[in-house]
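Every position in the sequence shown, counted from 1, becomes a number in my numbering once 361 is added.
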Amino acid sequence: MKYISEFRDTEAIKKLSQHLHAITKKPLTFMEVCGSHTMSVHRFGIHDLLPENVHLISGPGCPVCVTAIDYIDKAVALARIPGTIITTFGDLIKVPGSYSTLEKERAAGADIRIVFSINEALNISVTNPDREVIFLAIGFETTTPPTAAGILRAHEGQIKNFSILSAHKIMPPPMEALIEEGIPIDGFLAPGHVSTITGTAIYEFIPRQFGKGVVVSGFEPVDILQSIAMLVDQIQRGEPKVEIQYRRVVRPEGNTKAQQMVDEVFEVTSSNWRGLGNLPNSALNLRSKYQHFDAEKKFQLVLKEPKEPKGCICGLILKGLRQPPQCPLFEKVCTPENPVGACMVSSEGACNVFYRYKK
Ligand code: SF4
């Protein structure tokens, strides 16, 4: 299949692997910041194709994983309000909150429905005019434009019984936070999907301020190996910069129409990240014009103090400081069927990926 088979071609993969072995002279650590990259890296056994001195570590790129526990607590509190319908992507339903999960709340009678888009959630609100429909809006720059489009549709249609609980996040601030924390990262594989929307200007501060390279990578084995070779090449030349390997999809300017739509609906704010704490300018809130669609403004939620799952080291894993098998609960207590932390829930979460592919 065009755009897949040539990027999984065995000969091309072997050549790139040999090339990497030939050009890598010193130990290097690169971080893949995107959950889809983490999945591809393990699915295709990329670690086994790299020279021994090249390490790939996973970063904070799984949206479900980085969403702080108090967000789940708020979603649970909203689900308990009589008459609400919670609409959510499937991943979130199993994520443990401090005291419950959406799955448990649904079993206890809350109306929680899995949807594939915000449009589906809006349709539910249209057909249930006497119920409040709340959409759990999480994700990075890739999923924000559909949320913005949904809010605009709700605004134009004057849909009154619809709101969102927003935890939309922005990718560059955690990358900056990790470098500033001193985590040894020699370069980043930047997310292909996010960059399709944002373009590449958002990463320019990384080589400029920190002297580290960024390569926007595709998701097939040839993409990933080629991107790593580009990062190694930048280091050998002493020329860190932002480059696009995923040229068949990503343009330097990104999707300007989507960017305008997001800017119309959202404004930048600080946000709490799992493992990384509160990061300034790292998330999106509805602008005042659209705040009547903000579930937190519509309902006064009374929440208990958030409580992280005991023994879970998700936060360290999201920073690339630990690997999932280093968690004492991995496989023994925490599994995809019985997740203790968010990193075991999502198919893009590092613990879930390790569990599925390392076996
Ligand atoms: S294995 Fe489970 S408990 Fe351990 S870090 Fe991962 S999600 Fe948390």
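Using N, Cα and C, we set each Cβ at its ideal position, and we do this for glycine too.
Query, Result
"Under 6 Å: does the beta carbon of Val701 sit that close to some heavy atom of the ligand SF4?", "yes"
"Please return the same chain residues whose Cβ sits closer than 8 Å to the Cβ of Pro545, not counting the five positions on each side in sequence.", "Thr390"
"For Ile558, which of helix, strand or coil comes out of DSSP?", "helix"
"Can you find a heavy atom of the ligand SF4 that lies under 6 Å from the Cβ of Leu690?", "yes"
"Throw me the rounded Cβ distance for the Val593 and Thr371 pair, which I believe falls under 8 Å.", "Contact doesn't hold; Cβ gap of about 22 Å is too wide."
"Where do the ends of the alpha helix (DSSP H) carrying Phe571 lie?", "566-571"
"Using the rule of at least 16 other Cβ atoms within 10 Å of the residue's Cβ for burial, across every protein chain shown, is Thr488 buried or exposed?", "exposed"
"Between Cys426 and the ligand SF4, is the CB less than 6 Å from at least one heavy atom?", "no"
"With a cut-off of 8 Å on the beta carbons, I'd call Gly579 and Phe368 a contact; round off their distance for me.", "7 Å"
"Based on Cα-Cα distance, which residue from Arg609, Met591, Arg612, Val611 lies nearest to Lys602?", "Met591"
"Taking all protein chains shown into account, do 16 or more other C-beta atoms lie within 10 angstroms of the C-beta of Arg635, making it buried, or fewer, making it exposed?", "buried"
"May I ask whether a heavy atom of the ligand SF4 can be found less than 6 Å away from the beta carbon of Cys423?", "no"
"Could you name the residues of the same chain whose beta carbon sits closer than 6 Å to that of Lys693, not counting the 5 residues immediately before and after it, in chain order?", "none"
"When burial is assigned at 16 or more other CB atoms within 10 Å of the CB, is Phe477 buried or exposed?", "exposed"
"Where DSSP assigns a beta bridge to Asn633, which residues make up the other side?", "Asn639"
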